[in-house]
Amino acid sequence: MATSTLPERAPAPAPALPLQQRHVGDRVFRLLLTLAAVAVPVLLAFLVLELWLGSRAAIERFGFDFVTSSTWDPVAERFGALPLVVGTLVSSFLALLIAVPLSLGVAIFLTEFAPGWLRQPVAFLIELLAAIPSVVYGLWGIFVLVPFLLRWVFPVLQDWLGFLPFFQGTIYGPSMFSASVILAIMVMPYVMSVSREVLLAVPPSQREAALALGATRWEAVMTAVVPYARSGIVGAVILGLGRALGETMAVTMLIGNRHDISASLFAPGYTMAAAIANEFAEAVADIHLAALSYVALLLFLVTVVVNALARLLIWRVARGVEGGRGA
Amino acid sequence: MTAVAPAFRIPPATTPATPSRTVLETERLTAMYGKVTALANVSLRFDANRVHALIGPSGCGKSTFLRTLNRMHELAEGGWITGRVLLDGEDVYAPRVNPMQLRKRVGMVFQKPTPFPTMSIYDNVAAGLRVDRGRAARVGLDETVERALRSAALWDEVKDRLRTSALGLSGGQQQRLCIARTIAPRPEVILLDEPTASLDPLGTQRIEELLFRLKEAFTIVIVTHNLQQAARVSDTTTFFYLGQMVETGPTRQIYTAPTEARTEAYITGRFG
Chain E
42 MATSTLPERA PAPAPALPLQ QRHVGDRVFR LLLTLAAVAV PVLLAFLVLE
92 LWLGSRAAIE RFGFDFVTSS TWDPVAERFG ALPLVVGTLV SSFLALLIAV
142 PLSLGVAIFL TEFAPGWLRQ PVAFLIELLA AIPSVVYGLW GIFVLVPFLL
192 RWVFPVLQDW LGFLPFFQGT IYGPSMFSAS VILAIMVMPY VMSVSREVLL
242 AVPPSQREAA LALGATRWEA VMTAVVPYAR SGIVGAVILG LGRALGETMA
292 VTMLIGNRHD ISASLFAPGY TMAAAIANEF AEAVADIHLA ALSYVALLLF
342 LVTVVVNALA RLLIWRVARG VEGGRGA
Chain V
41 MTAVAPAFRI PPATTPATPS RTVLETERLT AMYGKVTALA NVSLRFDANR
91 VHALIGPSGC GKSTFLRTLN RMHELAEGGW ITGRVLLDGE DVYAPRVNPM
141 QLRKRVGMVF QKPTPFPTMS IYDNVAAGLR VDRGRAARVG LDETVERALR
191 SAALWDEVKD RLRTSALGLS GGQQQRLCIA RTIAPRPEVI LLDEPTASLD
241 PLGTQRIEEL LFRLKEAFTI VIVTHNLQQA ARVSDTTTFF YLGQMVETGP
291 TRQIYTAPTE ARTEAYITGR FG
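For the protein sequence lines, the chains are E and V, in the order given. Counting from 42, one number per residue, gives the positions in the first sequence under this note's numbering. Counting from 41, one number per residue, gives the positions in the second sequence under this note's numbering.
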């Protein structure tokens, strides 16, 4: 150190800091954050309580039969939600079946194969899909997607796969299949962007290790990159599933809203969310309202159960490293 | 040039007197990142069954040089080269050469252990063989894996837990696992990029001992920051500085009687 920069005299000693001082701001801040953190679970508890109170009349009258019965007759005041539960699960499952391979393919392409200048713009555009209101998707579905599917896709599917019960029978425009396709498009940006983040987070050394063994780009992706990211990818799929289960508007506009279980995917169906949205405003009888609340409670339960299963899956996958395959 | 007095043990003359076949050779090799030259005009020969050390301060281009030898350099953003790299006399940058095939003959071990975390120990060693799908490589996989693990001096430590995760191993064991993975497909040359940089002294010692045995079957090129290590393990040493190859020769000569002032300065610890 150059001595010339030192002051000529030592500065006067500062007065000793008082040891006792209260930081009121800190306490207030802490209190506010605690309140915010507590508010969320409390809200959730109130939501469940409210759903349960609202549906109590229906629960007492129909009990568990509500879930296994298919009749939905507001006039006769007989309600069974099985087609709604089935419709929700089938449309979400089918949507993921379409969306997950596509999203993963895009994510892998964008992180591993696309030229640098293409990566950001494409990722941005796909993420922009998530910003489109679902009613717009619904309208687009009615005017563009459904006519397209009717003209080009459904007949071909029936020709090729008609031997399967899923593709038999009369072809309707608004149908389980149409709703699943629109759901797939809506779910894709979520699955894609989360998978992309996860793939980007894979250390480059993993790729290099595989490439140094003489792997092709594709083999490096499949042996090193995707396995490394797999629990994150499962997480991305679950996020998409959550979206698909609860999506209401676009599905209501495209699924046909028929309270029926049909093996054919070309036939109209119904989902829990769509039924609530369609009927709540028009329900006058108390028992009808209670039945719709019961449906809402079921939807909540289905979402919780599916998410719990999915978390279990992530957990299993994450620690499933032990005892890998092997010859 | 006066005699240099290094601060550590001078290596014994390990190089056998018998001449050896040249396996790998570079001719006027220049490696670029875009317009930036990382390494200029390097001509070197690597003889079979020797350990060749590349030394030099950080950023001197020694790692880049290593990565041109198995064409990993061109995977980096903007990486390209001029000059030639010859493997058994064949130009590895010739247009019809498949880099994947080259990397099966010129294996590489990295600075940090890079086991595949989702795979078992067994699967890690077999990874390079499975990449070579549909070949005879998959016949006798168990024997090949065992042989590779024995060669990497890891077999006795892992033979009872081949199916467990590779992440259960210590850092040094993981690095030996990576060596086993690299030698399982039986390459001719093994490139090691500071393989002990992240290991403790014991792990480092075991890798160094391993190199003595491995050179009986392979040609080894090792990049190291550790001058003592280069002195201990190598038969020839090459000193890189600021993207130039300054000096190359038998390790003993480089450490005791370097011809270049910069080599002497680096070896005696005056910079770097």
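We treat Cβ as the ideally placed atom computed from N, Cα and C, and that holds for glycine.
query = Comparing alpha-carbon positions, which option in E/177, E/75, E/153 and E/242 lies nearest residue 116 of chain V?
reply = The closest CA to that of residue 116 of chain V, considering only E/177, E/75, E/153 and E/242, is found on E/153.
task = In the DSSP assignment, find the beta strand (DSSP E) that holds residue 87 of chain V and state where it starts and stops.
result = Element bounds for residue 87 of chain V: 76-87.
key: From E/88, E/174, E/96 and E/123, residue whose alpha carbon lies closest to that of residue 292 of chain E   = Answer by Cα proximity: E/174.
query = Using a Cβ cut-off of 8 Å, which residues of the stretch 246-280 of chain E contact any Cβ in chain V, in chain order?
reply = For the stretch 246-280 of chain E, residues whose beta-carbon sits nearer than 8 Å to a beta-carbon of chain V comprise 246, 247, 249, 250, 251, 252, 253, 254, 255, 256, 257, 260, 264, 265, 268, 269 and 271.
task = Check the C-beta distance from residue 127 of chain V over to residue 145 of chain V and give it rounded, since I have them as a contact under 8 Å.
result = 7 Å between Cβ atoms; contact.
query = In chain E, which residues lie less than 9 Å from residue 157 of chain V when you measure between Cβ atoms?
reply = Simply 247, 268, 269 and 362.
request  = Report the option in V/233, V/275 and V/77 whose CA atom is closest to the CA atom of residue 262 of chain V.
outcome  = When each option's Cα is compared against that of residue 262 of chain V, the closest is V/233.
request  = Return the first residue and the last residue of the alpha helix (DSSP H) that residue 199 of chain E is part of.
outcome  = Counting along the chain, the alpha helix (DSSP H) containing residue 199 of chain E begins and ends at 195-202.
ask   = Going straight from the alpha carbon of residue 166 of chain V to that of residue 218 of chain V, what length do you get?
value = When rounded, the distance between both Cα atoms is 11 Å.
task = Give me whichever residues DSSP pairs with residue 113 of chain E in a beta bridge.
result = Looking at the DSSP assignment, residue 113 of chain E forms a beta bridge with E/120.
query = How would you call residue 356 of chain E, buried or exposed, if buried means at least 16 neighbouring beta carbons within 10 angstroms?
reply = Exposed.
Whether residue 216 of chain V touches residue 251 of chain V by CB criterion (8 Å) = For residue 216 of chain V and residue 251 of chain V, no; Cβs fall outside 8 Å.
Cut-off 8 Å between Cβ atoms - residues of its own chain near residue 44 of chain V, not counting five sequence neighbours on either side = No answer about residue 44 of chain V holds up, because its pLDDT of 49 lies below 50 and its placement is not dependable.
query = Three-state secondary structure (DSSP) at residue 91 of chain V?
reply = In the structure shown, the three-state DSSP call for residue 91 of chain V is strand.
inquiry  = For a cutoff of 8 Å on Cβ pairs, would you count residue 193 of chain V as touching chain E?
reply    = Cβ-Cβ to chain E under 8 Å: no for residue 193 of chain V.
request  = In the DSSP assignment, find the unbroken beta strand (DSSP E) run with residue 61 of chain V in it and report its ends.
outcome  = Taken as a continuous stretch (DSSP letters only), residue 61 of chain V belongs to no beta strand (DSSP E), as it is neither H nor E.
Residues near residue 43 of chain E in its chain [Cβ-Cβ closer than 7 Å; skip 5 each side] = In this prediction, residue 43 of chain E scores a pLDDT of 46, lower than 50, which makes its location untrustworthy; the coordinate-derived value is nonetheless stated afterwards. Cβ-Cβ distances below 7 Å link residue 43 of chain E to nothing in the same chain once the five nearest sequence neighbours on each side are left out.
task = State the Cα-Cα distance for the pair residue 61 of chain E and residue 96 of chain E, rounded to the nearest angstrom.
result = One C-alpha to the other measures close to 57 Å.
ask   = Nearest CA to the CA of residue 124 of chain E: which residue from E/271, E/289, E/312 and E/295?
value = With distances taken between CA atoms, residue 124 of chain E lies nearest to E/312 out of E/271, E/289, E/312 and E/295.
key: contact_flag[the stretch 192-212 of chain E, the stretch 258-272 of chain E] where n(CB pairs < 8 Å) is 3 or more   = As far as the Cβ criterion goes, the stretch 192-212 of chain E does not touch the stretch 258-272 of chain E, which means the pair count is below three.
inquiry  = Taking DSSP's pairing of strands, which residues face residue 284 of chain V in a bridge?
reply    = Paired residues: V/80 and V/281.
query = Which residues share a DSSP beta bridge with residue 260 of chain E?
reply = Partner(s): none; residue 260 of chain E has no beta bridge.
key: Residue-level contact to chain V via CB, residue 69 of chain E, 8 Å cutoff   = So, not an interface residue.
query = Buried or exposed: where does residue 125 of chain V fall if 16 or more other Cβ atoms within 10 Å of its Cβ makes it buried?
reply = Around the Cβ of residue 125 of chain V, a 10 Å sphere holds 16 or more other Cβ atoms; the residue is buried.
query = Near residue 207 of chain V, what residues of its chain come up, given a Cβ to Cβ distance below 6 Å and the 5 sequence neighbours on each side ignored?
reply = Closer than 6 Å at the Cβ level, and outside the excluded window around residue 207 of chain V, lie 157.
key: Rounded C-alpha distance that separates residue 213 of chain E from residue 315 of chain E   = If I take the Cα positions, the gap works out to 18 Å.
message = Using CA atoms only, rank isn't needed, just tell me which of V/151, V/160, V/112 and V/149 is closest to residue 138 of chain V.
response = With distances taken between Cα atoms, residue 138 of chain V lies closest to V/112.
Per-residue contacts from residue 285 of chain V into chain E (C-beta, under 9 Å) = Those do not exist, as residue 285 of chain V stays about 23 Å from chain E at its closest Cβ, beyond 9 Å.
ask   = Any idea which residues DSSP pairs residue 344 of chain E with across the strands?
value = As far as DSSP is concerned, residue 344 of chain E takes part in no beta bridge.
request  = Within its chain, find whatever has a CB closer than 7 Å to the CB of residue 255 of chain V; leave out the 5 residues flanking it on each side and keep chain order.
outcome  = So the qualifying residues of the chain are 89, 90 and 91.
message = Applying the 10 Å Cβ sphere with the 16-neighbour rule, what's the burial state of residue 364 of chain E?
response = Residue confidence is low: residue 364 of chain E scores 36 on pLDDT, short of 50, so the model does not pin down where it sits. Its coordinate-derived value is still stated next. With fewer than 16 other beta carbons inside 10 angstroms of its own, residue 364 of chain E counts as exposed.
ask   = Given that residue 221 of chain V touches chain E, what residues does it touch there, using C-beta distances under 9 Å?
value = Here the neighbours are 250 and 254.
ask   = With a cut-off of 8 Å, do at least 3 Cβ pairs link the stretch 86-94 of chain E to the stretch 179-190 of chain E?
value = Cβ pair count under 8 Å is below three, so no.
request  = Return the first residue and the last residue of the beta strand (DSSP E) that residue 76 of chain E is part of.
outcome  = From DSSP, residue 76 of chain E is part of no beta strand (DSSP E) but of the alpha helix (DSSP H) over 65-103.
task = For residue 199 of chain V, count neighbouring Cβ atoms within 10 angstroms of its own Cβ and tell me buried if that reaches 16, exposed if not.
result = When all chains shown are included, residue 199 of chain V counts as exposed.
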